[in-house]
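Q: Please read through the structure below; I'll follow up with questions.
Residue numbers (UniProt numbering): 1 to 575.
Spelled out as structure tokens, the structure:
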């Protein structure tokens with residue numbers, strides 16, 4: 001009898017294969033006091049050096065299989081093994097408290113993890129926690145002379161099953177043999193999920209009690225479209241899913257024909273499908289998947305990937321590269337969304353109870369104007385190399401937008417007086433992610449050149465529900481009529497003033513959302529590069545008038561999120 005487990009679909013696809021449980025080495029140890037702390041420190045130094053060599057090998061392997069961008073996670077691991085504050089804390093416990101190296105390492109790592117996990121609602125902090133766990137496990141294994149059983153030992157197709165996969169584990173996944181993976185913990189934004197999408201490996205994460213339920217099972221089916229993991233599938237189920245796999249392979253080949261096609265609905269409504277990127281290196285995937293522009297360039301990664309504040313010149317080169325590569329297509333650059341939940345090691349930030357609602361983004365930029373002006377100088381200098389659009393994040397009031405615009409105009413005038421060339425065709429817009437801004441969209445629309453709706457934050461702020469909290473995940477409802485009303489109000493307000501509207505949240509890439517967003521008149525859909533061709537294929541089959549009838553019903557009748565979703569899924573199934 002088959003058993004169906006539910007998890008989070010982290011990387012789309014379907015796989016049918018034998019199961020391979022990834023076992024971790026037993027890293028248990030005894031705590032004791034050493035007589036020769038200098039010798040114990042030397043043992044730790046040897047383990048650190050061996051760990052660095054391992055990480056170098058993993059980085060090289062990740063570059064080959066996933067590309068330079070995904071391999072950069074291992075740069076963070078190397079930096080951690082060279083971090084003087086982290087290492088000194090371990091040395092102090094060995095030299096001053098005479099603890100053995102294993103106990104010293106464990107105590108220091110627990111301190112760091114406790115600090116990061118106190119901010120567990122934040123994706124960036126979750127990634128840092130994963131880095132610490134990965135590095136500490138590697139270092140501990142070296143100290144104990146043990147090694148984990150790894151998926152790289154596979155020589156035949158298999159579905160990897162594990163409590164969790166660290167970046168190191170995921171870097172060693174060989175797509176020739178690893179057909180999918182399923183984990184007990186994790187989310188769509190974890191390193192393992194991101195790497196799985198880069199490799200094109202189907203993945204399901206967050207399956208409760210997975211390691212207990214999988215015992216004794218030899219085969220499984222991963223349906224990473226619905227988020228179901230089927231254990232002990234029947235012959236009939238295997239036949240059904242094999243047919244689905246064959247169909248997906250055919251569809252993937254057909255999608256390639258759409259790379260250079262326009263995105264236009266069946267009844268002639270034309271929209272633009274753009275890509276969200278975090279770094280210049282992400283452009284390759286965006287171009288490969290037929291992006292019609294960049295709808296969101298998250299510039300904060302320039303700051304987060306650096307040990308020091310990036311100079312104006314470093315920023316200029318990054319922006320110039322992206323603009324040149326995409327020209328003449330437009331590039332929407334979000335000014336730095338630093339602060340609150342995204343801390344920088346070289347910048348002192350206040351500790352906050354609720355960083356998502358705190359000192360961040362435009363609030364920090366207006367307060368620390370010198371930093372803001374430096375970024376704007378770099379952007380304006382780069383503007384002559386392409387079609388630059390600048391948007392300000394976390395705008396809550398008209399005063400904030402006006403103040404940001406005044407600083408922009410001041411920097412522009414300053415550059416011109418200094419003899420720099422600056423484009424005369426730069427548009428200034430803002431993110432709509434705070435309900436207060438959405439409700440004042442008709443006022444903002446008179447002063448901005450465009451809006452970009454950040455649905456991830458707009459939903460969590462509107463529903464008062466942390467989107468990273470699994471216990472209240474049911475409240476993360478993109479199809480709740482309250483959210484849909486806000487989106488429609490924003491689009492209508494912009495169009496009334498002759499302004500365009502994009503969407504750069506996850507909702508833009510969701511198939512179920514396409515009929516409604518078309519009907520509302522959304523001008524630009526910006527999403528992960530991997531979603532572009534699928535969304536283009538769908539939109540070309542849709543009739544915007546069908547979505548309009550559903551939209552009218554949703555806005556004028558009492559509907560729940562589930563009812564809306566069923567209506568939309570029915571439209572897509574018929575297309």
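We treat Cβ as the ideally placed atom computed from N, Cα and C, and that holds for glycine. Computed from a predicted structure; not experimentally measured.
#1: Considering only residues of the same chain and omitting the five flanking positions on each side of residue 170, which have a CB-CB separation below 6 Å?
#2: Under a Cβ-count criterion, where at least 16 other Cβ atoms within 10 Å of its own Cβ denotes burial, should residue 149 be classed as buried or exposed?
#3: State the DSSP-derived secondary structure class of residue 427, mapped to helix, strand or coil.
#4: State the DSSP-derived secondary structure class of residue 18, mapped to helix, strand or coil.
#5: Short of 8 Å in beta carbon distance, which residues of its chain neighbour residue 248, apart from the five on each side in sequence? Order them along the chain.
#6: Consult DSSP for residue 276 and reduce its assignment to one of helix, strand or coil.
#7: Tell me the DSSP bridge mates of residue 183?
#8: In terms of alpha-carbon separation, which member of 297, 518, 155 and 375 lies closest to residue 316?
#9: Using the beta-carbon count (16 or more within 10 Å), is residue 145 buried or exposed?
#10: I'd like to confirm the pairing. Which residues does DSSP put opposite residue 439 in its beta bridges?
#11: Residue 20 and residue 159 - do their beta-carbons sit closer together than 8 Å?
#12: Just list the residues that DSSP pairs residue 482 with in beta bridges.
#13: I need the boundaries of the beta strand (DSSP E) containing residue 298, first residue and last residue.
#14: Tell me the rounded alpha-carbon separation between residue 59 and residue 540.
#15: Find the nearest neighbour of residue 380 within the set 318, 363 and 55, judged by alpha-carbon distance.
#16: Specify, as a first and last residue, the run of the beta strand (DSSP E) that residue 564 falls within.
#17: Is it buried or exposed for residue 328, if we count other Cβ within 10 angstroms and need 16 for buried?
#18: If you draw a straight line from the alpha carbon of residue 137 to that of residue 182, how long is it in whole angstroms?
#19: Mind checking which residues open and close the beta strand (DSSP E) that includes residue 463?
#20: Taking the CB atoms as reference points, tell me whether residue 140 and residue 27 lie closer together than 8 Å.
#21: Go through its chain and collect everything with a Cβ distance to residue 99's Cβ below 6 Å, but skip five positions before and after it.
#22: Using a Cβ-Cβ cut-off of 8 Å (strictly less than) and excluding sequence neighbours within five positions of residue 111, which residues of its own chain qualify?
#23: Measure the C-alpha to C-alpha separation of residue 577 and residue 378 and round it to an integer number of angstroms.
#24: Just checking, does the stretch 473 to 493 make contact with the stretch 252 to 266 on the three C-beta pairs under 8 Å criterion?
#25: Below 8 Å between beta carbons: does that hold for residue 431 and residue 481?
#26: Mind checking whether the beta-carbon of residue 52 lies closer than 7 Å to any heavy atom of the ligand PLP?
#27: Spatial neighbours of residue 157 within its chain, please: C-beta separation below 6 Å, excluding the five flanking residues on both sides.
#28: Over what stretch of residues does the alpha helix (DSSP H) that includes residue 338 continue unbroken?
#29: According to DSSP, is residue 263 part of a helix, a strand, or is it coil?
#30: If residue 350 and residue 359 are in contact, beta carbons under 8 Å, what's the gap, nearest whole angstrom?
#31: In the DSSP output, which residue or residues are listed as bridge partners for residue 524?
#32: Under 8 Å by Cβ, that's how I've got residue 373 and residue 411 pegged, so tell me the actual separation to the nearest angstrom.
#33: Quick one: Cα of residue 414 to Cα of residue 423, how far?
#34: As a quick exercise: from 274, 443 and 222, pick the residue whose alpha carbon is nearest that of residue 244.
#35: Can you tell me where the beta strand (DSSP E) holding residue 11 begins and where it ends?
#36: Would DSSP call residue 135 helix, strand or coil?
A: Put simply:
#1: Here residue 170 is taken as the residue at index 170 of the chain shown, counted from 1. Once the five neighbours on either side are set aside, the close Cβ partners of residue 170 are 192 and 195.
#2: As a position in the chain shown, residue 149 is number 149, starting the count at 1. Note that residue 149 has pLDDT 45, beneath the 50 cutoff, so the model's placement of it is unreliable and the number below is only indicative. Under this definition residue 149 is an exposed residue.
#3: Counting from 1 along the chain shown, the entry for residue 427 is found at position 427. In the three-state reduction of the DSSP assignment, residue 427 falls in the strand class.
#4: Your numbering for residue 18 matches position 18 in the chain shown. Residue state, collapsed to three classes: strand.
#5: One-based indexing of the chain shown puts residue 248 at position 248. Excluding residues within five positions, the ones whose Cβ falls inside 8 Å are 13 and 14.
#6: Counting from one through the chain shown, the residue named residue 276 turns up at place 276. Residue 276 falls in the strand class under three-state DSSP.
#7: On the chain shown, position 183 is the one that residue 183 refers to. 162.
#8: Walking along the chain shown from the start, residue 316 turns up at place 316. Per the Cα distances, 375.
#9: Taking the first residue of the chain shown as position 1, residue 145 is located at position 145. When all chains shown are included, residue 145 counts as exposed.
#10: To locate residue 439, count along the chain shown from 1; it is residue 439. Beta-bridge pairing links residue 439 to no other residue.
#11: Mapped onto the chain shown, residue 159 falls at position 159. Mapped onto the chain shown, residue 20 falls at position 20. Yes, the pair counts as a contact, with Cβ atoms nearer than the cut-off.
#12: In the chain shown, counting from the first residue as 1, residue 482 sits at position 482. According to DSSP, which records beta bridges pairwise, residue 482 is partnered with nothing at all.
#13: Position 298 of the chain shown holds residue 298. First-last of the beta strand (DSSP E) with residue 298: 294 to 298.
#14: By 1-based counting over the chain shown, the position of residue 59 is 59. By 1-based counting over the chain shown, the position of residue 540 is 540. Computed Cα separation, rounded: 40 Å.
#15: Residue numbering aside, residue 380 sits at position 380 when the chain shown is read from its first letter. Ranking the options by Cα distance to residue 380, first place goes to 318.
#16: Within the chain shown, residue 564 is the residue found at index 564, counting from 1. No beta strand (DSSP E) contains residue 564, which is instead part of the alpha helix (DSSP H) from 561 to 574.
#17: Numbered from 1 along the chain shown, position 328 holds the residue referred to as residue 328. The residue is exposed, with fewer than 16 neighbouring Cβ atoms inside 10 Å.
#18: For the purposes of this step, residue 137 is taken as the residue at position 137 of the chain shown. For the purposes of this step, residue 182 is taken as the residue at position 182 of the chain shown. Whole-angstrom Cα-Cα distance: 21 Å.
#19: By 1-based counting over the chain shown, the position of residue 463 is 463. Unbroken run through residue 463 is the alpha helix (DSSP H), 455 to 463; no beta strand (DSSP E).
#20: The residue you call residue 140 lines up with position 140 of the chain shown. The residue you call residue 27 lines up with position 27 of the chain shown. Between residue 140 and residue 27, the gap from beta carbon to beta carbon is short of 8 Å.
#21: Residue 99 sits at position 99 when you count from the first residue of the chain shown. Only 93 meet the Cβ criterion.
#22: For the purposes of this step, residue 111 is identified with residue 111 of the chain shown, where counting begins at 1. Correct list, in chain order: 89.
#23: Since the first and last residues shown for the chain are 1 and 575, residue 577 lies out of range.
#24: no
#25: Counting from 1 along the chain shown, the entry for residue 431 is found at position 431. Counting from 1 along the chain shown, the entry for residue 481 is found at position 481. No, they are not a contact pair.
#26: Inclusion of the ligand PLP in the displayed structure is not the case, the ligand content being empty and no account of it being possible.
#27: One-based indexing of the chain shown puts residue 157 at position 157. Excluding sequence neighbours, residue 157 sits near 17, 177 and 179.
#28: Position 338 of the chain shown, counted from the start, is the residue given in the question as residue 338. For residue 338, there is no enclosing alpha helix (DSSP H), as DSSP marks it with neither H nor E.
#29: In the chain shown, counting from the first residue as 1, residue 263 sits at position 263. Residue 263 falls in the strand class under three-state DSSP.
#30: The residue given as residue 350 occupies position 350 in the chain shown. The residue given as residue 359 occupies position 359 in the chain shown. So it is a contact: roughly 6 Å between Cβ atoms.
#31: Taking the first residue of the chain shown as 1, we reach residue 524 at position 524. DSSP output for residue 524 lists 272 and 502 as bridge partner(s).
#32: Stepping through the chain shown from its first residue, residue 373 is reached at position 373. Stepping through the chain shown from its first residue, residue 411 is reached at position 411. Contact flag correct, Cβ pair sits at about 5 Å.
#33: By one-based count along the chain shown, residue 414 stands at place 414. By one-based count along the chain shown, residue 423 stands at place 423. Rounded to the nearest angstrom, the two C-alpha atoms are 14 Å apart.
#34: Numbered from its first residue, the chain shown carries residue 244 at position 244. Selected option, being the one with the closest Cα: 222.
#35: Translated into positions along the chain shown, residue 11 becomes position 11. Counting along the chain, the beta strand (DSSP E) containing residue 11 begins and ends at 8 to 11.
#36: The sequence position of residue 135 within the chain shown is 135, counting from 1. Residue 135: helix per DSSP, three-state reduction.
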